[in-house]
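Note sheet for the following structure.
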Amino acid sequence: MKQEHYIKVVNDVVQRMERHADVVMNVKQVAEYLGLSVGAVRKRCQRKQLPYHLNAKHLYFSKLEVDAALLNRK
Numbered sequence: 076m077k078q079e080h081y082i083k084v085v086n087d088v089v090q091r092m093e094r095h096a097d098v099v100m101n102v103k104q105v106a107e108y109l110g111l112s113v114g115a116v117r118k119r120c121q122r123k124q125l126p127y128h129l130n131a132k133h134l135y136f137s138k139l140e141v142d143a144a145l146l147n148r149k
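This is the structure:
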């Protein structure tokens with residue numbers, strides 16, 4: 076295998092892994108990601124429209140779970 080081809084294959088794999096990597100976000104980060112206000116994110120959590128994890132008094136979100144919830148909306 077030529078070195079250029081090997082480098083291309085490795086770069087393709089890295090890009091695919093980065094797209095599927097999970098990221099933990101706080102309320103402010105989710106609001107920026109979704110283009111919403113922090114209050115709107117909190118309301119969606121209360122209505123169980125967004126999946127979240129509660130640690131003490133802080134909300135945390137998995138990017139993969141948020142994306143899946145948005146894709147599964149009807």
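The working numbering runs 75 ahead of the 1-based position in the sequence shown.
By construction, the Cβ of each residue, glycine as well, lies at the ideal position given by its N, Cα and C atoms.
Residue interval of the alpha helix (DSSP H) (run including residue i)
i: Y108; result: 102 to 109
i: V139; result: Reading the sequence as shown, one finds Leu at residue 139 and not Val. From DSSP, the alpha helix (DSSP H) with L139 extends over 138 to 146.
i: Q121; result: 113 to 121
Buried versus exposed call for residue i [16 or more other C-beta atoms within 10 Å across all chains shown]
i: L145; result: exposed
i: L139; result: exposed
i: V84; result: exposed
Whole-angstrom distance between residue j and residue i, CA atom to CA atom
i: V105; j: Q90; result: 22 Å
i: V102; j: A96; result: 19 Å
i: G110; j: N130; result: 24 Å
i: K123; j: N147; result: 13 Å
i: Y127; j: G114; result: 15 Å
Beta strand (DSSP E) segment containing residue i, residue limits
i: L129; result: 128 to 130
Spatial neighbours of residue i in its chain, beta-carbon cut-off 7 Å, leaving aside the 5 residues before and after
i: K149; result: Confidence is the limiting factor: at K149 the pLDDT is only 46, short of 50, which leaves the residue's position unreliable and the question unanswerable from this model.
i: Y81; result: none
Closest residue to residue i among the options (Cα-Cα distance)
i: H133; options: V88, Y81, D87, V99; result: V99
Other residues of its chain near residue i: CB distance less than 6 Å, five sequence neighbours each side excluded
i: V116; result: V102, V105, A106
Cβ-heavy atom distance, residue i to the ligand NAD, below 6 Å
i: V113; result: Although the ligand NAD was asked about, the structure shown includes no ligands whatsoever.
Close beta carbons around residue i, own chain, < 8 Å, minus the five adjacent residues each side
i: Y108; result: M100, K138, V141
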